[in-house]
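Numbering (this note's numbering), first residue to last: 20 to 196.
All remarks here apply to the structure that follows.
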């Protein structure tokens, strides 16, 4: 039986945010003179394997549903850990998500994978009390960090981007529509 992993919802939220803020879905030309806006949304997911870190790329995340991405994530993760990824499995990324929550980290600063211009880091989620205006209610909190190339993205846009992802994550119905 397949279960949807929280990472799949983060992938969908990131895909929506990348579509809304296209500078994050770009790269800088090799000569550093041009910004190349991507017409597709391919997200790399950093996977820890016995042979080191690999970043398989999930193509057209914006066009796939939660269930399809869940199957693909399970299959690709298995393939990565078995050392069976091909070069084409790891090419074409526009944006990367690195999740170290399984290791137990509470925060980290991921390094951008050139030629991409941004990367998001996910730490260990935990239940926290959140004030809703009347009382404290338990909420699952997922610490996120964002690193980006300041030649393309400034700090204010970085804050807007991570806020947008949080907005999408706060109402999962927006991700399945």
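Glycine included, every Cβ here is placed at the ideal spot set by N, Cα and C.
| Three-way DSSP call (helix, strand, coil) for residue 160 in this model | strand
| Distance, residue 155 Cα to residue 109 Cα | 43 angstroms
| task | Go ahead and pull the three-state DSSP assignment for residue 142. | result | coil
| task | Report the partner residues of residue 63 according to the DSSP bridge assignment. | result | 76 and 115
| query | First and last residue of the beta strand (DSSP E) that includes residue 54? | reply | 54-56
| task | Under 8 angstroms by Cβ, that's how I've got residue 62 and residue 34 pegged, so tell me the actual separation to the nearest angstrom. | result | 7 angstroms
| task | Go through its chain and collect everything with a Cβ distance to residue 91's Cβ below 8 angstroms, but skip five positions before and after it. | result | 77 and 83
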